[in-house]
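The sequence shown lines up with residues 0 to 897 when you count with numbering that gives the first Met the number 0. Just below is one structure, and these are the notes that go with it.
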Amino acid sequence: MPQTTSKVTGPPAELLRRIGFLADLFRNLPETVPERLDSDSTYWFGLDNDDVQEEGIWFAFNRNFEICFKTHENSGVVIRERGRRLDSLVGVLKTVAREATDGERDLLRARLEVLIAAAKAAGAKDDNSNSRQVKKRVNTPDDKPDAAASKLQGHPPRKHARRDSPVHSDPIIIDDSESDQELIVVDTESEDVPTRFTRKASQGSSLHQQNLTQLSLSHYGWAKLGASEKYEQMKRDAEAHSEQMKEAEERELEAKAMKDLQKRRDARERQQKHRAKTKKERTVAKIKPGAKTAKKVLLRNDPGSPSKISDLAEISRPKSTWKEGRNGKHGGAVQSRHKRTNWYHPLLWVHINKAAERADWSASRTVWILTNEQPELFKGLNRGTVYRWFDGKGWSEATLENVARRQQLPRSGRTGVLSSYPEIVSAVKTTLTDLRRSGLPVSVRLARSILIANIQEKEPDLLNKFKCSEFYVRSFLESVLDWGPRKPTRASAHIPPNAAELCERAFFRIVHLMKEHDVPGKLVINVDQLGKGVLTANTSTWNKRGEKQVDVAAKDEKRAYSLLVATTPSGEILPYQQVWSGSTARSLPSAHAEGMKEALEFGFHFAFADSQKKTSHFSTLKTMKEWMEEIYKPYVAATIESDPDLRENPHQKSILLIDCYPVHTGEEFRSYLRKYHPDVLLVYVPASCTGIFQPADVGMQRITKHRLAQEEVHFLIKSHKSQTASGLTPEQVKITTSYPVLRDATVMPIVQVFEFMRGPYGRDIVKKAWERCVANEWNLSEAVLTSRKARASLRNYLLTDKILRDEIEGKMGPLNLGLEPEDDEDPDEDDTDDTDVPSSAVINEALGIVVPPSVVDSEFCVDSGTTADKKGRLHAIGEEEDIWSLRYESEDVLEDSL
């Protein structure tokens, strides 16, 4: 028998009938539904060809349906207009019905029923409803519509009809036949209506209407439902609704399954096409080995058929010759072969560097040059690898470090001085991994404290020379754990081009006020807020490289505080004010915090910001008023009281030098000073010039932050030691995340820093910070501010500077100095020097002052020297702190740089 092939059948007739029925409803929409022009219409029905090819026809229709009817905004489908656009929808429905699968046609039927219901809800009428009619005898006027008569006519009375059932009002059509029977034609689905038309035979075809009396619903079998009947009715309705929801859920699951199936089919087809293409290319290459293609001939760029170096990855690695001797016998265990090339090898990098310069630092063009000129070496190099090496028009800092090492540090497994202590490395890896798994941010200082605590527990003698510097810790995290820093970036303020002019004007403004009001240097006060994070601040963390999602516990909670540091050019430092976020005293360190007693004796003030932004810990109008009352006013009063010359003037003036922070320049703060502190003369540091003309920024903040960071590391180490002393192993030690505990731990460090700053070396640091604020030939040191030269130059300066002259003549000048950007970011630990760097080195680097290490340096500081990076931050140097300096004692362990 001949073999027959199955044909694709068209859409079912009943489906096409339903589409036609929907089209009739669309044509009979009432005029209350607006008819819009094509340009104003919100309906654009059609099938996107790309969606049809990639996802299938049902996906394309469903997407268009949701966009046009806005089902993502509305709970159901609503017909908003009528006209030609709905005819386009009917055409789309027919196309989908013709090309869809059987499963998709079932989904289409559900969509049709939704559209039909929406059209009826909009008022569409069915013209074919009058065709479904039957003839029914009409009772004579003598007939009584009782229950018995109803039974004889085949219509038993209705006993329990629903009260909310709609009453049909279909028209009654009179049969104008010659029969003596009195008949009318009514819809079989409509209820009896209280209207009766009769026609007598003697009167021909004339129609008479009888006067009817009003009847009640009980006359037609309607009865009020009882409580139990209502309950049963509601139960049936609930079951019906549950069944509908279940069917809808099944349809959604089926649609999702069909969509997933279609995706798999498309993916399989794409893969098959790709394999077929690849196979064809390989076949052509085998048939014509070494043949030149037409494209290569035309371009005259045929590199030929180079012989690929099969062991390039192994040759580019260190100790490749040593590996060859490991034969599995007496030569040692056989080592695995490298699969990836070390592009940082000098003989490879020299070509990469030249190609990048020729390509103007374009990754794709760099790869093109290398693969065309030296394919035997760079055939395995891709654009993504080269792109990661760049930083704008040049190599990134990390790339240059890898080139200097001749290999990449991440995943190399090197541990430097700890290579002989694998149990310490293992314990630290476990602790750090558990911390990140719990969501706690891991900073370099936290990791350093964990390393030091483990070394103290297991090999304390190792810390005699090795100080576990932050430089070493960063290398350890990259090498052993393959972690990298993850943090947000923000733009820094730029110094204005006329900064020297602005600062010189501010200098002579201070000189004028000191001269006119006889203000000594110890009453010229500069204050600035210093942002400092708590021990486990969560602005950044070290995490596994390559991960797109980095989770940090309580990342929206700002765990930081502001410290107001105020100094004078005579070397005095005022008590600190510590500001925390929050709106109650519960946000402050507790009265039992370590160092709280000493802090209160020094005159410290602890305040909560009560800011509109609940998480902000920066100064507000409230905290600045409290600082004036609790810190500034007592200091000025004590200074005047201790100097007999100043006591003679009952209105002795003082100068407050502050930056252009929005709170400081606001009218409310200035009005407050005029009303409650009229003897305070306010001078602003020019906007964006705080880095060069504000003593707090020039010299105080860097040193203060460094000392605070060192004290925090000591707190962490102390916490580790107390837990291990209680019997816990290093792996069981927990890092506290309790905000109240961490808040209390910040009190003692600021007390210790304040004690140092009040000493002789601290006074020298304060004076040097004022001296480093330079404007042309002038600076803010007390000697220069009170010098004859400065006061003599003031007169000449006023003759040339009209702005300051007008300000002095008018007794007040406009504040056209701009505003400092309002800092709302948590402090970043990477902006400070490493905690292992001696404070003496930081002080010498910042201000050029020599302080004996025994006075200021802490226990875990390196003594081998320091170096500064591009940003001026200090890092430790020394053979013990370099993870590359010490070779592995066992040659069985090799680094794998990739």
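We treat Cβ as the ideally placed atom computed from N, Cα and C, and that holds for glycine. All figures in this text were calculated on a predicted structure; none of them were measured in a lab.
ask   = What's the C-alpha gap between K632 and V523?
value = The sequence position of residue 632 within the sequence shown is 633, counting from 1. The sequence position of residue 523 within the sequence shown is 524, counting from 1. Each residue's alpha carbon lies about 13 Å from the other.
ask   = Between P519 and P649, what straight-line distance do the alpha-carbon atoms span, to the nearest angstrom?
value = Position 520 of the sequence shown, counting from 1, holds the residue named residue 519. Position 650 of the sequence shown, counting from 1, holds the residue named residue 649. In this structure, the CA atom of P519 is about 15 Å from the CA atom of P649.
message = Which of the three DSSP states is assigned to F475 in this structure?
response = The residue you call residue 475 lines up with position 476 of the sequence shown. In the three-state DSSP reduction, F475 falls in the helix class (H, G or I).
Whole-angstrom distance between E103 and L21, CA atom to CA atom = The residue labelled residue 21 in the question sits at position 22 within the sequence shown. The residue labelled residue 103 in the question sits at position 104 within the sequence shown. As the crow flies, the alpha-carbon of L21 is around 19 Å from that of E103.
ask   = What span of residues does the alpha helix (DSSP H) with I842 cover, start to end?
value = The residue labelled residue 842 in the question sits at position 843 within the sequence shown. Secondary structure note for I842: its alpha helix (DSSP H) is the uninterrupted segment 838–846.
ask   = Exposed or buried, K392, counting other C-beta atoms within 10 Å across all chains shown (16 or more means buried)?
value = On the sequence shown, position 393 is the one that residue 392 refers to. By the 16-neighbour rule on beta-carbons within 10 angstroms, K392 is exposed.
message = Residues in the same chain with beta-carbon distance under 7 Å from R250, minus the five sequence neighbours each way, listed in chain order, please.
response = Against the sequence shown, residue 250 aligns to sequence position 251. Within its own chain, the residues whose Cβ lies closer than 7 Å to the Cβ of R250, once the five positions on either side in sequence are excluded, are L106, A109, listed in chain order.
request  = Work out the CA separation of S687 and F507 for me, nearest whole Å.
outcome  = Residue 507 sits at position 508 when you count from the first residue of the sequence shown. Residue 687 sits at position 688 when you count from the first residue of the sequence shown. The alpha-carbon separation between F507 and S687 amounts to approximately 19 Å.
task = Check whether the Cβ atoms of D527 and I630 lie closer than 9 Å to each other.
result = Here residue 527 is taken as the residue at index 528 of the sequence shown, counted from 1. Here residue 630 is taken as the residue at index 631 of the sequence shown, counted from 1. Cβ distance not < 9 Å, so D527 and I630 don't count as in contact.
ask   = What distance in whole Å lies between the Cβ atoms of G761 and I572, which are believed to be in contact at a cut-off of 8 Å?
value = Sequence index remark: in the sequence shown, residue 572 carries index 573 (1-based). Sequence index remark: in the sequence shown, residue 761 carries index 762 (1-based). Rounded, the Cβ-Cβ distance is 7 Å, consistent with contact.
query = Just the Cα atoms here: how many angstroms apart are E30 and L24?
reply = Taking the sequence shown and counting its residues from 1, the one referred to as residue 30 is at position 31. Taking the sequence shown and counting its residues from 1, the one referred to as residue 24 is at position 25. Here the alpha carbon of E30 sits roughly 13 Å from the alpha carbon of L24.
request  = Locate the beta strand (DSSP E) running through N525, then write down its first and last residues.
outcome  = As a working mapping, residue 525 is identified with position 526 in the sequence shown. Secondary structure note for N525: its beta strand (DSSP E) is the uninterrupted segment 523–532.
ask   = In or out: T799 buried (at least 16 other Cβ within 10 Å) or exposed?
value = Indexing the sequence shown from 1 puts residue 799 at position 800. It counts as exposed.
key: Neighbourhood of K143 by C-beta distance below 8 Å, restricted to the same chain and skipping five residues each side   = On the sequence shown, residue 143 is found 144 positions in, with the first residue counted as 1. With a pLDDT of 44 at K143, under the threshold of 50, the predicted position of this residue should be treated as unreliable, though the coordinate-derived value follows. Listed in chain order, the non-local C-beta contacts of K143 below 8 Å within the same chain number zero, local neighbours out to five positions each way being set aside.
query = Going by beta carbon distance, what residues of the same chain come within less than 7 Å of V926, once the five residues before and after it are set aside?
reply = Because the chain here runs from 0 to 897, residue 926 falls outside it and cannot be looked at.
For A606 and Q577, the rounded distance between their alpha carbons = Taking the first residue of the sequence shown as position 1, residue 577 is located at position 578. Taking the first residue of the sequence shown as position 1, residue 606 is located at position 607. Distance between the alpha carbons of Q577 and A606: 6 Å.
task = Note down the Cα distance separating D678 from G570, rounded to an integer number of angstroms.
result = Position 679 of the sequence shown, counting from 1, holds the residue named residue 678. Position 571 of the sequence shown, counting from 1, holds the residue named residue 570. Distance from the CA atom of D678 to the CA atom of G570, rounded to whole angstroms, is 22 Å.
request  = Would you identify the three-state DSSP class for H604, choosing helix, strand or coil?
outcome  = Locating residue 604 in the sequence shown gives position 605, counting from the first residue. Strand, per DSSP.
task = Within 10 angstroms of the Cβ of D833, are there 16 or more other Cβ atoms? Answer buried if so, exposed if not.
result = Here the question's residue 833 lines up with position 834 in the sequence shown. Here D833 is buried: its Cβ has 16 or more other Cβ atoms, across all protein chains shown, within 10 Å.
key: Nearest-angstrom Cα separation, counted from F64 out to L85   = On the sequence shown, residue 85 is found 86 positions in, with the first residue counted as 1. On the sequence shown, residue 64 is found 65 positions in, with the first residue counted as 1. Taking the straight line joining both Cα atoms gives about 12 Å.
inquiry  = Quick check on DSSP: helix, strand or coil for L563?
reply    = What you label residue 563 is simply residue 564 of the sequence shown in a count that begins at 1. Residue state, collapsed to three classes: strand.
ask   = By the 10 Å Cβ neighbour count, where 16 or more other Cβ atoms means buried, how is G415 classified, buried or exposed?
value = Here residue 415 is taken as the residue at index 416 of the sequence shown, counted from 1. Buried, because 16 or more other Cβ atoms sit within 10 Å of the Cβ of G415.
task = Counting only the same chain and skipping the five closest in sequence on each side, list residues whose C-beta sits under 6 Å from that of Q919.
result = Outside the displayed range of the chain (0 to 897) lies residue 919, so it cannot be described from this structure.
Proximity test, I749 beta-carbon vs the ligand GDP heavy atom, cut-off 8 Å = Inclusion of the ligand GDP in the displayed structure is not the case, the ligand content being empty and no account of it being possible.
inquiry  = Out of R26, V95, I66, which one is the CA nearest neighbour of A118?
reply    = Within the sequence shown, residue 118 is the residue found at index 119, counting from 1. Ranking the options by Cα distance to A118, first place goes to R26.
For G9, three-class secondary structure by DSSP = Counting from 1 along the sequence shown, the entry for residue 9 is found at position 10. The answer is coil: DSSP assigns G9 none of H, G, I, E or B.
query = For E422, which residues from the same chain have a beta carbon less than 8 Å from its beta carbon, with the 5 sequence-adjacent residues on both sides left out?
reply = Taking the first residue of the sequence shown as 1, we reach residue 422 at position 423. Residues of the same chain with a CB within less than 8 Å of the CB of E422, apart from the 5 flanking positions on each side, are K457 in chain order.
ask   = Is it true that the region 640–648 meets the region 586–597, where meeting means three or more beta-carbon pairs spaced less than 8 Å apart?
value = Segments in contact, no.
request  = Please work out which residues of its chain come closer than 7 Å, Cβ to Cβ, to V849, disregarding the five sequence neighbours upstream and downstream, and give them in chain order.
outcome  = Position 850 of the sequence shown, counted from the first residue, corresponds to residue 849. For V849, where only same-chain residues beyond five positions count, the Cβ hits under 7 Å are N843.
ask   = Does DSSP put S653 in a helix, in a strand, or in coil?
value = If you number the sequence shown from 1, residue 653 lands on position 654. DSSP places S653 in strand when its eight states are reduced to three.
key: For Q722, three-class secondary structure by DSSP   = If you number the sequence shown from 1, residue 722 lands on position 723. Here Q722 carries a helix assignment [DSSP, helix/strand/coil].
request  = Starting from the C-beta of V385, find all residues in its chain whose C-beta is less than 7 Å away, skip the five residues before and the five after it, and write them out in chain order.
outcome  = Residue numbering aside, residue 385 sits at position 386 when the sequence shown is read from its first letter. Excluding residues up to 5 positions away in sequence, A362, T365, V366 lie with their Cβ nearer than 7 Å to the Cβ of V385 in the same chain.
query = With DSSP run on the structure shown, which of helix, strand or coil describes W614?
reply = For this step, residue 614 is matched to residue 615 along the sequence shown. At residue 614 the sequence reads Thr, which differs from the Trp that was named. Reduced to three states, the DSSP call for T614 is coil.
Residue closest to Q722, alpha-carbon to alpha-carbon, out of I449, Q270, K767 = Taking the first residue of the sequence shown as 1, we reach residue 722 at position 723. That would be I449, whose Cα lies nearest to the Cα of Q722.
Spatial neighbours of V746 in its chain, beta-carbon cut-off 7 Å, leaving aside the 5 residues before and after = Residue 746 sits at position 747 when you count from the first residue of the sequence shown. Once the five neighbours on either side are set aside, the close Cβ partners of V746 are P588, A592, E593, G594, M595, A598.
request  = Please specify which runs of the alpha helix (DSSP H), each continuous and at least 4 residues long, are wholly inside the region 740–808, giving them in chain order.
outcome  = Runs found: 746–757, 759–770, 781–784, 787–799, 801–808.
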